[in-house]
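If you're matching positions, the sequence shown starts at 2 in our numbering and goes up one per residue.
In this text, a Cβ means the ideal position worked out from N, Cα and C, and glycines have one as well.
Structure record follows, encoded as structure tokens.
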Amino acid sequence: MVNYHCIAVGCNNDSRKSNKLTKYPHMVDENGNIVRFFVLPSASKQSRLRRRWIEALRRENFHPKRSEFWHAVCSRHFTDGEPTRAHPVPTLFGYNNYGKSQGKPRTSNNSRASVSQRFTFIFKFVMIRLIKTNSF
Ligand SMILES: [Zn+2]
């Protein structure tokens, strides 16, 4: 399996950490989903978009070669949780204060529900892991 490490400055999300969600709560987004990883757009097919991603990342000395397809950005940096037609470029980064608002409920009404949903999700995930590891 390929492992991805988020290339956003200040983000340490790594696909290997999805085994240890309780240890790495950042690996779960505000909707209770495990973060996903999206590799840079192809240099040959989507060079423009690729450049926009790289610019948005504002990572110093980051000049990936055309052939470097393995650099990935995690879903936390996308407005929609993934690249979409409306928001194809990651925009939520430390430099624009993304992260400071982390954990704040979007509306006061559903904050309690979303927290418990998140825990339910982690619990289910851990259970599945346990079942898998014990059934060889
Ligand atoms: Zn990230």
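Query raised in the report: At what residues does the beta strand (DSSP E) containing A73 begin and finish?
Result: Position 72 of the sequence shown holds residue 73. Unbroken beta strand (DSSP E) run through A73: 73-75.
Query raised in the report: Helix, strand or coil: how does DSSP classify V29 here?
Result: Translated into positions along the sequence shown, residue 29 becomes position 28. Residue state, collapsed to three classes: strand.
Query - Bridge-paired residues (DSSP) for D15 - result: The residue labelled residue 15 in the question sits at position 14 within the sequence shown. Answer is H6.
Report task. Could you check which residue in R17, F79, T92 has the C-alpha nearest to that of N4? Result -> Taking the sequence shown and counting its residues from 1, one reaches residue 4 at position 3. Selected option, being the one with the closest Cα: R17.
Requested in this report: My understanding is that R59 touches V10, with C-beta atoms under 8 Å, so please give their C-beta distance in whole angstroms.
Outcome: For the purposes of this step, residue 59 is taken as the residue at position 58 of the sequence shown. For the purposes of this step, residue 10 is taken as the residue at position 9 of the sequence shown. Right, their Cβ atoms sit about 7 Å apart.
Query raised in the report: Using 8 Å as the threshold, is the stretch 39-54 in touch with the stretch 92-99, meaning 3 or more CB pairs across them?
Result: no
Requested in this report: Give the secondary structure of V90 by DSSP, where H, G and I count as helix, E and B as strand, and everything else as coil.
Outcome: If you number the sequence shown from 1, residue 90 lands on position 89. Three-state result, V90: coil.
Requested in this report: Answer yes or no: the CB of V74 versus the heavy atoms of ligand 1, is any distance below 7 Å?
Outcome: In the sequence shown, residue 74 corresponds to position 73, counting from 1. Indeed, a heavy atom of ligand 1 lies less than 7 Å from the Cβ.
Query raised in the report: From N14 to I8, what does the alpha carbon distance come to, in whole angstroms?
Result: In the sequence shown, counting from the first residue as 1, residue 14 sits at position 13. In the sequence shown, counting from the first residue as 1, residue 8 sits at position 7. Cα-Cα distance, rounded: 9 Å.
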